[in-house]
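Working notes, structure below.
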Amino acid sequence: MPLLNSNPHQQCRWHAYPATAELEQAALQAILHAARQAISLRGTFHIVLAGGTTPRRVYELLRKADADWAAWHIYFGDERCLPPDHAERNSRMAALAWLDHAAIPSSQIHPIPAERGAGIAANIYAQTLAGIGLFDLVLLGLGEDGHTASLFPGHDLGNTPGAPAAIAVPDAPKPPPQRVSLSAQRLSAARQVMFLVTDAAKQQAINDWRKGVNIPAAAIAPVSGVDIYLENGLLDHR
Ligand code: 6PG
């Protein structure tokens with residue numbers, strides 16, 4: 006399956022909720038729906054997980070959900086260059102909250118080997134992704150500066166055709182500095198992309214995004230557009 010080029014212009018659908026708990030439930034149902042749809046059509050569900058702290062509760066809700074876990078294939082949108090069991094690893098957060106307790110075959114969970122160093126890990130992960138085609142669903146967070154995954158303002162976003170699937174980030178402004186990120190191009194090669202944003206500290210990034218400022222999150226432009234799940238307050242404030 007050739008990877009579809011991302012749209013030059015990102016189409017955004019804003020889904021606002023009065024409270025975090027409602028947003029998390031809506032996100033859970035959207036993820037489970039996407040999985041059922043993918044599995045019924047193709048027999049598998051390829052999902053990219055967001056890092057940071059925002060998605061933790063959704064992962065805990067997935068732990069208790071009923072799904073055809075044997076058909077789920079787990080990838081990560083980015084990873085910090087830390088030991089695999091380090092508390093700050095995105096893969097560790099997802100494992101504790103969900104993956105260690107789900108009946109997903111371990112061979113279908115693909116952490117980024119960031120402990121091997123950003124450059125080596127980016128090359129290895131690009132190979133891991135080589136035969137995957139379009140992701141069924143990509144989950145992403147949003148940083149206060151408008152970053153997403155480990156794609157930061159003023160840094161290489163990997164948003165040109167031919168960009169590698171995974172890029173090494175040697176100097177991230179959000180610690181730790183050494184990271185690996187899927188490129189904007191690869192994150193855009195998805196049937197569906199969902200951003201989860203719940204923290205008032207993201208207000209400026211949301212305002213910039215809605216004004217059309219080219220924050221890194223705006224570089225994620227799948228053909229089907231992106232769905233941003235956020236709290237009412239973030240949508241109403243200017
Ligand atoms: C990371 C994440 C990063 C995160 C945002 C939001 O490794 O730090 O991938 O992109 O999603 O920084 O982080 P919070 O959810 O903790 O606010």
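Residue numbering for the sequence shown follows our numbering, beginning at 6 and increasing consecutively. For glycine and all other residues, C-beta sits at the position ideal for the given N, C-alpha and C.
Checklist entry - Per DSSP, which one or two residues make a beta bridge with residue 174? => result Looking up residue 174 in the sequence shown gives position 169. 184.
Next on the checklist: Once the 5 residues before and after residue 186 are set aside, which same chain residues still bring their CB inside 6 Å of it?
Outcome noted: Start at 1 with the first residue of the sequence shown, and residue 186 comes out as number 181. Cβ neighbours of residue 186 beyond the five flanking positions: 83, 154, 155, 156, 172 and 174.
Item to check | Close beta carbons around residue 86, own chain, < 8 Å, minus the five adjacent residues each side | outcome: The sequence position of residue 86 within the sequence shown is 81, counting from 1. These residues qualify, in order along the chain: 119, 120, 122, 123, 126, 181, 183, 184 and 185.
Checklist entry - residue 196 and residue 141: beta carbons closer than 7 Å? => result One-based indexing of the sequence shown puts residue 196 at position 191. One-based indexing of the sequence shown puts residue 141 at position 136. Here residue 196 is near residue 141, since their CB atoms are less than 7 Å apart.
Next on the checklist: Under 6 Å: does the beta carbon of residue 55 sit that close to some heavy atom of the ligand 6PG?
Outcome noted: The residue given as residue 55 occupies position 50 in the sequence shown. At least one heavy atom of the ligand 6PG is nearer than 6 Å to the Cβ of residue 55, so yes.
Checklist entry - Would you call residue 46 buried or exposed, if buried means 16 or more other Cβ atoms sit within 10 Å of its Cβ? => result The count along the sequence shown starts at 1 and reaches residue 46 at position 41. Under this definition residue 46 is an exposed residue.
Checklist entry - Exposed or buried, which one is residue 51 when buried takes at least 16 other CB atoms within 10 Å? => result Locating residue 51 in the sequence shown gives position 46, where the first residue counts as 1. It counts as buried.
Item to check | Proximity test, residue 161 beta-carbon vs the ligand 6PG heavy atom, cut-off 6 Å | outcome: Residue 161 sits at position 156 when you count from the first residue of the sequence shown. No, the beta carbon of residue 161 sits no closer than 6 Å to any heavy atom of the ligand 6PG.
Checklist entry - Exposed or buried, residue 7, counting other C-beta atoms within 10 Å across all chains shown (16 or more means buried)? => result If you number the sequence shown from 1, residue 7 lands on position 2. Per-residue confidence for residue 7 stands at a pLDDT of 44, beneath the threshold of 50, marking its modelled position as unreliable; no derived number is given.
Checklist entry - Going straight from the alpha carbon of residue 204 to that of residue 99, what length do you get? => result Numbered from 1 along the sequence shown, position 199 holds the residue referred to as residue 204. Numbered from 1 along the sequence shown, position 94 holds the residue referred to as residue 99. Looking at the two C-alpha atoms, the distance is approximately 19 Å.
Item to check | For residue 236, the first and last residue of its enclosing beta strand (DSSP E) | outcome: Numbered from 1 along the sequence shown, position 231 holds the residue referred to as residue 236. Looking at the DSSP string, the run of the beta strand (DSSP E) that includes residue 236 is 231 to 236.
Next on the checklist: So within the stretch 47 to 83, which uninterrupted beta strand (DSSP E) runs reach at least 3 residues, ignoring any that extend past its ends?
Outcome noted: At a cut-off of 3 residues, the continuous stretches assigned as beta strand (DSSP E) that sit fully inside the stretch 47 to 83 are 50 to 54 and 77 to 81.
Next on the checklist: Given a cut-off of 7 Å on the beta-carbon distance, is the pair residue 143 and residue 228 in contact?
Outcome noted: As a working note, residue 143 is residue 138 in the sequence shown. As a working note, residue 228 is residue 223 in the sequence shown. It is not a contact, given that the beta carbons lie outside the stated cut-off.
Checklist entry - Between the Cα of residue 76 and the Cα atoms of 31, 170 and 41, which residue gives the shortest distance? => result Taking the first residue of the sequence shown as position 1, residue 76 is located at position 71. Nearest of 31, 170 and 41 to residue 76, Cα basis: 41.
Checklist entry - What residues in its chain sit with their C-beta under 8 Å from that of residue 24, if we drop five residues either side in the sequence? => result As a first step, residue 24 is located in the sequence shown; it is residue number 19 there, counting from the start. So the list reads 236, once near-sequence residues are dropped.
Checklist entry - For the ligand 6PG, any of its heavy atoms closer than 6 Å to the Cβ of residue 154? => result Here residue 154 is taken as the residue at index 149 of the sequence shown, counted from 1. Under cutoff, so the answer is yes.
Item to check | Cross-strand partners of residue 39 (DSSP beta bridge) | outcome: Along the sequence shown, one-based indexing puts residue 39 at 34. Answer is none; residue 39 lacks a bridge partner.
Checklist entry - Based on the DSSP output, what are the partners of residue 214 in its beta bridges? => result By one-based count along the sequence shown, residue 214 stands at place 209. Bridge partners of residue 214: none, in fact.
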